[in-house]
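Student: Protein chains in written order, with my numbering: chain A, 2 to 398; chain B, 2 to 398. Quick one: this structure, given as structure tokens, is what I'll be asking you about.
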């Protein structure tokens, strides 16, 4: 995101205060008129541009407007949105370099904006990622498998996406963290709200090494419906979704269904047929054509497009691909960067972080240009955010 | 089988003494010349009919002849073969009504003959059957699942085919027996040889309620190679093969491979990915397109041809099909029998068994005709063998 909020960016951030995510009417207005005009319409009560709509649709839209207007008193000013940065919270929108493009697969249900807390670059992390989901009431077997798979996948450079809940989610996050990998928790509350409370430290650890993401602004609390609507974002962000342990009709299967509907790779870990918590996994394999996987190597094999190894090489701790053959880097090597990007990358310090203005000075480029290029380099996996601004990634290609 | 051995039947029984099963050269001679001529050729050392064969093939055939001739001194006379009936052992060949036609799928590797001990009709039993195979060193989980699945399948009228070994095999046989079902043990030794010795009582129970089958004549002992060659018969006899627990590169996977190559339905029970004994099952699902099954109902669903319920109704204890709908009988009702067969069936006593001659007298048909019709009725599932001769099946359609 840029140092100053554009009108569109502010309007999208503001809309996360006014409407619950995946509100079809809002998604439609955003697609037709953009965020600033939509926000203005909610404030003034006048719909932008009078399109030929059926009376019933006009009635529903009017009801939606009233629903959103109820929350107008809680709307923050642009400087208040920016002020969250002091608490390490940033908001990104589809115009940001850090916005994961694959969210567009959600169509009108795409998030209006995402609130983030943490050092990892969301877009880059999600380029090679797997969602690990499952039951809150996981068995020892499920927790063990989730942690083992997450650690192996993280060690091979894949980001582990999950929902921050007890059970399988927590085991997956912890497994990735333990392998010094990147993990992403997509929350159903504000990124500053520790829910469950027992996970406050876990969320801080995720923020330090990965990123917390939410469609709800800071301070917002969870609800049953919010968990369900959140699941589509987990499925959309990740290249594939792995169900480790899930009862039939569980929330994890809801995420799995989203993954299937979004044409993401769907996988499940088998377990004893005598365990109710493996019944959902077997259902995914039997009825939804999910792939049975028994190891992290099989997950990677299934996620990799034919002939395009998903696993990068340098410094990720894995060395070789799943079947022992060495995998080619999945991102562009620095030699292929354009001249200005290469200058920005050369200007980065070997160790530690640096702010945008200082990088611009060293690179001899305008700060605005430098900011854009830094965002692109982050997206490409060359650099990442840190407390001081930006730093080189250890696994820089 | 008839009360007297034909030349062909005797020759086939004799060949089980001379050659190991699945001897391609013998299979070829049988196909080209029949068993009696082949046996004669082995005895005289002269090949029947001089076909245009390559010199190398002629050399190999000569070596095979010498190999078979070595065992000529052990050859029993026809009356010796018939005398096994006194110990409850019969031998069947492709001309017998009890011969399972699906063995023809083995081509030249089809058994020369099968030695049987037990009351169930082999052909009828195999019409609706599932092979349950797995590791000797089964876990408590595997043994439990094998016994449960076998009991449910047997209670629904399916015969459970297995190999009589420790572990999964024994659990499957015992599960079927416990549900008063039919189970078939295909042995790699004579049907009078209790191997393993600890299974002597189990084999007697199988003979009382099902049938023991072997390609080797009475008195023969097991060997590693015999187990492997035996596996193709298990796979060929059953409608489908279910792997319950198997390490990778295990004998059970050898059976599974035969089932796949024979285009039988192949299924596997998943288990913990942390268990080496489930690794083979997961391999069957992942690499051999085996179907993951978690219950007996799913096995039946997978075995049933579309629109043709596999599960018969009357008296098998199940009542309804896997999904609750009532299943139509899979065999012809007695109303559709031809007149002579109906007369034989009517002549059968309501309770207990009866010999062929007495049935012929009651039906008013020649004993030879009656014997043939009794065999056909057994194949059709109307009657079964017993100590007194033949008796009505409880689940008679």
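Each residue gets a CB set at the ideal place from its N, CA and C atoms; glycine is no exception.
Taking all protein chains shown into account, decide if residue 358 of chain A is buried (16 or more other Cβ within 10 angstroms of its Cβ) or exposed.
Tutor: To locate residue 358 of chain A, count along the first chain from 1; it is residue 357. When all chains shown are included, residue 358 of chain A counts as exposed.
Student: Taking the alpha carbon of residue 218 of chain A as the point to measure from, which residue in A/65, A/148, A/85, A/170 has its own alpha carbon closest?
Tutor: Residue 218 of chain A sits at position 217 when you count from the first residue of the first chain. Here the closest residue by C-alpha is A/85.
Student: Suppose you measure from the CA of residue 216 of chain B to the CA of residue 188 of chain B; what does that come to, to the nearest Å?
Tutor: Along the second chain, one-based indexing puts residue 216 of chain B at 215. Along the second chain, one-based indexing puts residue 188 of chain B at 187. Computed Cα separation, rounded: 8 Å.
Student: Please state whether DSSP places residue 387 of chain B in a helix, a strand or coil.
Tutor: On the second chain, residue 387 of chain B is found 386 positions in, with the first residue counted as 1. Of the three classes helix, strand and coil, the one that applies to residue 387 of chain B here is strand, per DSSP.
Student: DSSP state of residue 246 of chain A, grouped into three classes?
Tutor: Residue 246 of chain A sits at position 245 when you count from the first residue of the first chain. In this structure, residue 246 of chain A counts as strand in the three-state DSSP scheme.
Student: DSSP three-state label for residue 265 of chain B, please.
Tutor: By 1-based counting over the second chain, the position of residue 265 of chain B is 264. Three-state DSSP puts residue 265 of chain B in coil, outside helix and strand.
Student: Is there a Cβ from chain A that is less than 8 Å from the Cβ of residue 286 of chain B?
Tutor: Looking up residue 286 of chain B in the second chain gives position 285. At least one chain A Cβ lies under 8 Å of residue 286 of chain B.
Student: Report yes or no: do three or more beta-carbon pairs, one from the region 155–170 of chain B and one from the region 183–198 of chain B, lie closer than 8 Å?
Tutor: As far as the Cβ criterion goes, the region 155–170 of chain B touches the region 183–198 of chain B, which means the pair count is three or higher.
Student: From this set, B/273, B/289, B/243, B/73, which residue's C-alpha is nearest residue 262 of chain B's C-alpha?
Tutor: The sequence position of residue 262 of chain B within the second chain is 261, counting from 1. When each option's Cα is compared against that of residue 262 of chain B, the closest is B/289.
Student: Taking Cβ positions only, does residue 272 of chain B come closer than 8 Å to chain A?
Tutor: For the purposes of this step, residue 272 of chain B is taken as the residue at position 271 of the second chain. It does: the Cβ of residue 272 of chain B has a partner Cβ on chain A nearer than 8 Å.
Student: Excluding five sequence neighbours on each side, which residues of the same chain lie with their C-beta closer than 7 Å to the C-beta of residue 249 of chain B?
Tutor: Sequence index remark: in the second chain, residue 249 of chain B carries index 248 (1-based). Excluding sequence neighbours, residue 249 of chain B sits near 280, 281, 284.
Student: Quick check on residue 303 of chain A: buried or exposed, where buried means 16 or more other Cβ atoms within 10 Å of its Cβ?
Tutor: As a working note, residue 303 of chain A is residue 302 in the first chain. Flag for residue 303 of chain A reads buried.
Student: Spell out whether any CB of chain A is found under 8 Å from the CB atom of residue 76 of chain B.
Tutor: On the second chain, position 75 is the one that residue 76 of chain B refers to. Not an interface residue.
Student: Tell me whether the region 233–244 of chain B and the region 266–277 of chain B touch, counting them as touching only if at least three CB pairs, one residue from each stretch, are closer than 8 Å.
Tutor: The region 233–244 of chain B, when compared against the region 266–277 of chain B, does touch it at the 8 Å Cβ threshold.
Student: Within 8 Å of any Cβ in chain B, is that where the Cβ of residue 300 of chain A sits?
Tutor: The residue given as residue 300 of chain A occupies position 299 in the first chain. Answer no: the Cβ-Cβ gap between residue 300 of chain A and chain B never drops below 8 Å.
Student: By DSSP's criteria, residue 160 of chain B is part of a beta bridge. Which residues make up the other side?
Tutor: Position 159 of the second chain, counted from the start, is the residue given in the question as residue 160 of chain B. Its beta-bridge partners are B/130.
Student: Could you compute how far the alpha carbon of residue 49 of chain B sits from the alpha carbon of residue 231 of chain B?
Tutor: One-based indexing of the second chain puts residue 49 of chain B at position 48. One-based indexing of the second chain puts residue 231 of chain B at position 230. If you take the alpha carbons of residue 49 of chain B and residue 231 of chain B, they lie about 29 Å apart.
Student: At the level of alpha carbons, what is the spacing between residue 278 of chain A and residue 287 of chain A?
Tutor: As a first step, residue 278 of chain A is located in the first chain; it is residue number 277 there, counting from the start. As a first step, residue 287 of chain A is located in the first chain; it is residue number 286 there, counting from the start. Those two C-alpha atoms are separated by around 15 Å.
Student: From the beta carbon of residue 316 of chain B, is the nearest beta carbon of chain A less than 8 Å away?
Tutor: Residue 316 of chain B sits at position 315 when you count from the first residue of the second chain. In this prediction, residue 316 of chain B has a pLDDT of 35, which is less than 50 and means its spatial position is unreliable; what the coordinates show is noted afterwards. Residue 316 of chain B does not count as touching chain A.
Student: What in chain B is Cβ-close to residue 146 of chain A, meaning under 9 Å?
Tutor: What you label residue 146 of chain A is simply residue 145 of the first chain in a count that begins at 1. Going along chain B in sequence order, the residues near residue 146 of chain A (Cβ under 9 Å) are 273, 274, 275.
Student: Is residue 293 of chain A close to chain B? Criterion is C-beta to C-beta, closer than 8 Å.
Tutor: For the purposes of this step, residue 293 of chain A is taken as the residue at position 292 of the first chain. Yes, its Cβ sits closer than 8 Å to a Cβ of chain B.
Student: So is residue 283 of chain B in contact with chain A if we call contact Cβ pairs under 8 Å?
Tutor: Position 282 of the second chain, counting from 1, holds the residue named residue 283 of chain B. Yes, because at least one Cβ of chain A sits closer than 8 Å to the Cβ of residue 283 of chain B.
Student: I need the boundaries of the alpha helix (DSSP H) containing residue 212 of chain B, first residue and last residue.
Tutor: The sequence position of residue 212 of chain B within the second chain is 211, counting from 1. Counting along the chain, residue 212 of chain B falls outside any alpha helix (DSSP H), though it belongs to the beta strand (DSSP E) covering 212–215.
Student: If you draw a straight line from the C-alpha of residue 133 of chain A to the C-alpha of residue 58 of chain B, how long is it?
Tutor: The residue labelled residue 133 of chain A in the question sits at position 132 within the first chain. The residue labelled residue 58 of chain B in the question sits at position 57 within the second chain. Looking at the two C-alpha atoms, the distance is approximately 60 Å.
Student: Quick one: does residue 142 of chain B have its CB under 8 Å from some CB of chain A?
Tutor: Taking the first residue of the second chain as 1, we reach residue 142 of chain B at position 141. Output row for residue 142 of chain B: interface = yes.
Student: Assuming residue 221 of chain B and residue 191 of chain B form a contact by the criterion Cβ under 8 Å, report the distance between their Cβ atoms to the nearest whole angstrom.
Tutor: If you number the second chain from 1, residue 221 of chain B lands on position 220. If you number the second chain from 1, residue 191 of chain B lands on position 190. About 4 Å; that satisfies the 8 Å criterion.
Student: Out of A/55, A/56, A/62, which has the shortest C-alpha to C-alpha gap to residue 31 of chain A?
Tutor: Taking the first chain and counting its residues from 1, one reaches residue 31 of chain A at position 30. Comparing Cα-Cα distances from residue 31 of chain A to each of A/55, A/56, A/62, the minimum goes to A/62.
Student: Using only the alpha-carbon positions, how far apart do residue 19 of chain A and residue 69 of chain A sit?
Tutor: As a position in the first chain, residue 19 of chain A is number 18, starting the count at 1. As a position in the first chain, residue 69 of chain A is number 68, starting the count at 1. When rounded, the distance between both Cα atoms is 5 Å.
Student: Looking only at its chain, what residues have a beta carbon closer than 8 Å to the beta carbon of residue 389 of chain B, apart from the 5 residues adjacent to it on each side?
Tutor: Taking the first residue of the second chain as position 1, residue 389 of chain B is located at position 388. Cβ neighbours of residue 389 of chain B beyond the five flanking positions: 353, 354, 355, 356.
Student: Using 10 angstroms around the beta-carbon of residue 176 of chain A, count the other beta-carbons present and answer buried if the total reaches 16, otherwise exposed.
Tutor: On the first chain, residue 176 of chain A is found 175 positions in, with the first residue counted as 1. With 16 or more other Cβ atoms within 10 Å, it is buried.
Student: Starting from the Cα of residue 374 of chain A, find the closest Cα among A/55, A/294, A/346 and give me that residue.
Tutor: By one-based count along the first chain, residue 374 of chain A stands at place 373. When only C-alpha atoms are compared, the closest one is A/346.
Student: Rank B/209, B/366, B/257, B/236 by C-alpha distance to the C-alpha of residue 89 of chain B and give the top, closest one.
Tutor: Along the second chain, read from residue 1 onward, the residue named residue 89 of chain B stands at position 88. Comparing Cα-Cα distances from residue 89 of chain B to each of B/209, B/366, B/257, B/236, the minimum goes to B/209.
Student: Can you tell me which of A/107, A/275, A/116 puts its alpha carbon nearest to the alpha carbon of residue 141 of chain B?
Tutor: Along the second chain, one-based indexing puts residue 141 of chain B at 140. The shortest Cα separation from residue 141 of chain B among A/107, A/275, A/116 belongs to A/275.
Student: Within a Cβ cutoff of 7 Å, which residues of the same chain sit near residue 236 of chain B, ignoring the five residues on either side of it in sequence?
Tutor: Counting from 1 along the second chain, the entry for residue 236 of chain B is found at position 235. Closer than 7 Å at the Cβ level, and outside the excluded window around residue 236 of chain B, lie 132, 242, 256, 259, 260, 263, 265.
Student: For the beta strand (DSSP E) that residue 184 of chain A lies in, which residues bound it at each end?
Tutor: Residue mapping note: residue 184 of chain A aligns to position 183 of the first chain, counting from 1. Taken as a continuous stretch (DSSP letters only), the beta strand (DSSP E) holding residue 184 of chain A covers 184–188.
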